[in-house]
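All remarks here apply to the structure that follows.
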Amino acid sequence: MNDACITFSNLTLGYDSHPAVHHLDGVVEKGTLLAIVGGNGSGKSTLMKGIIGMLRPLGGACTVAPDARIAYLPQQSELDRSFPAQVRDLVSLGLWPKRGLLGRHGAQDRETVLNALRAVGLDGFKRRPIDTLSGGQLQRVLFARVLVQDAELILLDEPFNAIDAKTVTDLVALIKHWHGEGRTVLVVVHDLDLVRENFPQALLLARRLIAWGAARDTLTPENLLRARRLHEAWDENAPWCAPGDDVHDGVCVGRQEAVQ
Amino acid sequence: MTGFHDILIAPFVEFAFMQRALLGALMLSVSAAPVGVFLMLRRMSLTGDAMAHAILPGAAAGFLLYGLEIVPMTLGGLIAGVLVALGAGAVSRLTIQKEDASMAAFYLISLAVGVVMVSLRGSNIDLMHVLFGTVLALDNDALTLIGLVTAITISALLFFRRALIAECLDPLFLRSVSKLGSPVHFIFLGLVVINLVAGFQALGTLLSVGLMILPAAAARFWAQRVETMCLLAIGISALSSIAGLLLSYHAALPSGPAIILSAGFAYATSVIAAPRGVLMTRLPKTAHRTA
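Written as structure tokens, this is what we have:
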């Protein structure tokens with residue numbers, strides 16, 4: 001029996017008291033590779049922010065295993081590409097959890113950074129100014145930073161947007177490698193075929209949970225159709241959600257069990 | 001050689017006020033230039049300008065109560081600057097309003113209050129002094145103050161260097177690994193304020209921001225890394241100070257504007273001739289590498 005890495009208990013996240021993730025229950029066990037799927041505005045990024053703790057729940061709780069180091073690659077990066085930094089400077093930020101504010105970056109740390117660049121296929125890029133990188137190269141650099149962070153829990157929010165096929169293949173291989181090392185990896189993905197082929201588990205969101213289980217069983221046409229119907233509804237003056245309301249009309253299948 | 005000596009060295013050897021001015025300006029260069037680098041990289045160059053205006057009412061209050069005395073004017077400026085920085089920073093972090101807007105609102109109010117206060121009592125000459133400073137009349141108190149500010153600034157920059165860079169380069173990343181983001185932002189705003197306050201004795205409220213921004217802006221055209229940029233900015237700032245003081249001495253120009261003009265000249269040169277400037281990036285290049 002694995003331990004829980006993330007536990008959602010009746011978790012509601014949102015903005016201005018409008019829920020973006022509504023009454024989510026479930027457990028992500030350590031070592032899981034989980035794809036998070038859903039349309040635009042279905043709460044995927046919000047869920048990521050809730051897990052990392054950047055967004056306080058409107059209700060319920062999201063608990064992450066206390067010892068877990070988290071690496072988070074946001075969808076809307078606030079990275080300033082015009083900042084005078086070289087690739088090695090950006091990747092070295094990933095040393096923060098180990099070295100913190102004042103710890104010296106030693107020879108071994110520099111080696112770690114170089115190895116990470118090699119692993120993402122950017123050998124020889126360490127002195128490149130970051131404003132000369134292409135979109136795909138930058139994404140590889142950010143993956144190298146995640147590598148350097150050496151985290152137990154890795155959250156990647158739409159890492160394959162506007163990335164060419166070759167780069168996606170390389171990055172997916174890296175993600176599988178992390179999975180193989182026993183890390184817990186959550187990835188927001190839009191490409192359903194990519195999920196079916198590469199991800200053991202998937203979680204389908206439409207502001208509330210539609211299905212969660214083995215990827216092929218979760219991404220069935222019926223579930224996808226239900227997700228599409230559900231998540232479009234938006235009402236500025238929606239009534240307040242009271243405890244006891246039937247909010248579980250999405251089928252919560254829990255963790256490993258398949259959807260019938 | 002005597003001509004060279006007369007023009008460049010003699011003024012600083014012969015006159016104590018020139019030595020004091022040089023010492024003050026060099027210390028300011030070491031302190032304000034790297035602060036300016038981060039101010040610029042955070043897209044807050046104009047915030048520096050706004051802050052310089054914002055410290056006016058505090059300085060004016062000190063001036064109204066105690067006359068042209070450095071300690072009360074400095075303390076007043078410090079308080080006003082911190083109030084405006086904290087107020088504007090808080091509004092932008094707690095509401096949807098961005099920092100440029102909240103900062104503009106706060107400094108405009110502050111500036112108006114300051115001008116009203118100065119005009120309540122002072123003559124125009126006093127107002128000129130507060131606005132444009134007198135680097136040639138730095139007394140011991142002023143030099144001590146500038147030295148203190150320099151020591152605090154350099155220590156703080158070295159200590160928080162990594163957080164400061166992370167907060168500029170990728171603020172969301174810093175938030176995901178550390179809670180230092182907001183504290184570092186406010187510490188940095190504090191550094192901006194104390195450097196402006198230190199600078200206004202020498203250069204006045206309106207020009208103290210010049211030694212902060214111009215060398216930093218010039219350095220951006222030469223450097224690829226932020227550390228190099230800070231060192232370059234300090235060098236440009238120091239050279240501008242020396243050149244400005246000499247210019248002021250030989251041509252009988254007001255010293256503050258002469259220093260800022262020298263920095264402006266360094267900026268213009270960099271825009272045109274530096275590796276990342278206008279010329280070098282526009283030159284047609286026919287040769288290229290194989291990869």
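Protein chains in written order, with full-length UniProt numbering: chain D, 1 to 260; chain Z, 1 to 291. All C-beta atoms in this analysis are idealised placements derived from N, C-alpha and C, irrespective of residue type, glycine included.
Original post:
Is there contact here, the segment 229-241 of chain Z with the segment 172-184 of chain Z, by at least three beta-carbon pairs under 8 Å?
Top reply: Cβ pair count under 8 Å is below three, so no.
**OP:** Name, in chain order, the residues that DSSP records as bridge partners for Phe8/D.
**Re:** For Phe8/D, which the question treats as bridged, DSSP gives the partners Gly26/D, Cys62/D.
Subject >> Beta-bridge partners of Pro129/D, as assigned by DSSP >> reply: Looking at the DSSP assignment, Pro129/D forms a beta bridge with Gln86/D.
**OP:** Quick one: using the 10 Å Cβ neighbour count with 16 as the cut-off for buried, is Tyr107/Z buried or exposed?
**Re:** By the neighbour-count criterion, in which a residue is buried when 16 or more other Cβ atoms sit within 10 angstroms of its Cβ, Tyr107/Z is buried.
**OP:** Leaving aside the five residues before and after Leu157/Z along the sequence, list all residues of the same chain whose C-beta is less than 6 Å from its C-beta, in chain order.
**Re:** Excluding sequence neighbours, Leu157/Z sits near Pro34.
Original post:
From the DSSP output, which residues share a beta bridge with Ala206/D?
Top reply: Arg208/D, per the DSSP bridge assignment.
**OP:** Would you kindly work out how many angstroms separate the C-alpha atoms of Ala175/D and Val185/D, rounded to a whole number?
**Re:** Before going further, note that residue 175/D is Ile rather than Ala in the sequence given. Straight-line Cα distance between these residues: approximately 8 Å.
Original post:
CB Gly24/Z to CB Ala105/Z, shorter than 8 Å?
Top reply: The Cβ atoms of Gly24/Z and Ala105/Z do not sit closer than 8 Å to each other.
Original post:
Quick one: what does DSSP say Ile213/Z is sitting in, helix, strand or coil?
Top reply: Correct three-state label for Ile213/Z: helix.
**OP:** Count the other CB atoms, across all protein chains shown, that sit within 10 Å of the CB of Ala273/Z; report buried if there are 16 or more and exposed otherwise.
**Re:** Looking at its Cβ environment, which holds fewer than 16 other Cβ atoms inside 10 Å, Ala273/Z is exposed.
**OP:** Return the bridge partner residues of Asp157/D from the DSSP annotation.
**Re:** Looking at the DSSP assignment, Asp157/D forms a beta bridge with Val188/D.
Original post:
Residue range of the alpha helix (DSSP H) that Ile260/Z falls in?
Top reply: Ile260/Z -> alpha helix (DSSP H) spans 255-273.
**OP:** Determine, using beta carbons only, whether Asp49/Z comes closer than 8 Å to chain D.
**Re:** Not a single C-beta of chain D is nearer than 8 Å to the C-beta of Asp49/Z.
**OP:** Give the range of the beta strand (DSSP E) segment to which Leu108/Z is assigned.
**Re:** Run containing Leu108/Z: none in the beta strand (DSSP E); it sits in the alpha helix (DSSP H), 99-121.
Original post:
Cβ of Ser45/D less than 8 Å from any chain Z Cβ?
Top reply: So, not an interface residue.
Subject >> Val278/Z at chain D interface by Cβ criterion, 8 Å >> reply: For Val278/Z, the answer is no, since every Cβ of chain D falls outside 8 Å of its Cβ.
Subject >> Under 9 Å (Cβ pairs) to chain D, residues found in the segment 145-179 of chain Z >> reply: The segment 145-179 of chain Z vs chain D, Cβ under 9 Å: Phe159, Phe160, Arg161, Arg162, Ala163, Ile165, Ala166, Cys168, Leu169, Asp170, Pro171, Leu172, Phe173, Leu174, Arg175, Ser176, Val177, Ser178.
Original post:
Taking 8 Å as the CB-CB limit, is Phe199/D close to chain Z?
Top reply: Under the Cβ criterion of 8 Å, Phe199/D is not counted among the residues facing chain Z.
**OP:** Determine the DSSP secondary structure at Pro239/D, reduced to helix, strand or coil.
**Re:** In this structure, DSSP gives Pro239/D a state outside helix and strand, which the three-state scheme calls coil.
**OP:** Determine the closest residue to Leu47/D out of Ala71/D, Phe8/D, Gln201/D, with distance taken between C-alpha atoms.
**Re:** Between Leu47/D and the set Ala71/D, Phe8/D, Gln201/D, the nearest pair of CA atoms involves Phe8/D.
**OP:** Report all residues from its chain with a CB closer than 6 Å to the CB of Ala61/D; omit the five preceding and five following residues, and keep chain order.
**Re:** The residues are Ser9.
Original post:
Any residues in the segment 79-90 of chain D with a beta carbon nearer than 8 Å to a beta carbon of chain Z? Which ones, in chain order?
Top reply: Only those residues of the segment 79-90 of chain D whose C-beta falls short of 8 Å from the nearest C-beta of chain Z are listed: Leu79, Asp80, Phe83, Pro84, Ala85, Gln86, Asp89, Leu90.
Original post:
Of all Cβ atoms in chain D, is any one closer than 8 Å to the Cβ of Met40/Z?
Top reply: Output row for Met40/Z: interface = no.
Original post:
Since Pro19/D sits in a beta bridge, which residues does DSSP pair it with?
Top reply: Within the DSSP bridge table, the entry for Pro19/D names Gly14/D as partners.
Original post:
What number of angstroms, rounded off, separates the C-alpha of Val118/Z from the C-alpha of Leu111/Z?
Top reply: When rounded, the distance between both Cα atoms is 11 Å.
Subject >> Three-state secondary structure (DSSP) of Gln201/D >> reply: In the three-state DSSP reduction, Gln201/D falls in the strand class (E or B).
Original post:
Residues of chain Z with CB under 9 Å from Ser77/D, in chain order?
Top reply: Scanning chain Z for C-beta atoms nearer than 9 Å to the C-beta of Ser77/D yields Asp170, Leu172, Phe173, reported in chain order.
**OP:** Might you give, ordered along the chain, the residues of its own chain that have their beta carbon closer than 8 Å to the beta carbon of Thr112/D, omitting 5 neighbours on each side?
**Re:** Excluding five sequence positions before and after Thr112/D, the CB atoms of its chain that fall closer than 8 Å to its own CB belong to Leu95, Val148, given in chain order.
Original post:
What residues of chain Z sit near Leu122/D, judged by a beta carbon separation below 9 Å?
Top reply: At a beta-carbon threshold of 9 Å, none of the residues of chain Z lie near Leu122/D; the nearest stands roughly 14 Å away.
**OP:** Determine the chain Z residues that contact Ile70/D at a beta-carbon separation under 9 Å, and present them in chain order.
**Re:** Residues of chain Z passing the Cβ test: Ser176, Val177.
Subject >> Three-state secondary structure assigned by DSSP to Ala107/D >> reply: Of the three classes helix, strand and coil, the one that applies to Ala107/D here is helix, per DSSP.
Subject >> Pairwise C-alpha distance: Leu41/Z and Thr63/D >> reply: Cα to Cα, Thr63/D sits roughly 36 Å from Leu41/Z.
Original post:
With a cut-off of 8 Å, does the C-beta of Met44/Z fall near any C-beta of chain D?
Top reply: It does not; no Cβ of chain D falls within 8 Å.
Subject >> Cutoff 8 Å: Cys252/D Cβ touching any chain Z Cβ >> reply: Unreliable positioning characterises Cys252/D in this predicted model, as indicated by a pLDDT of 35, which lies under 50. The coordinate reading is nonetheless provided below. By this cut-off, Cys252/D is not an interface position.
Subject >> Selected residue, minimal CA-CA separation from Gly41/D, among Ala238/D, Leu230/D, Trp240/D, Cys241/D >> reply: Put simply, of Ala238/D, Leu230/D, Trp240/D, Cys241/D the residue whose alpha carbon is nearest the alpha carbon of Gly41/D is Leu230/D.
Original post:
Which runs of the alpha helix (DSSP H) fall wholly inside the segment 21-78 of chain Z and span at least 4 residues, in chain order?
Top reply: Within the segment 21-78 of chain Z, the complete alpha helix (DSSP H) runs of at least 4 residues are 45-54, 56-66.
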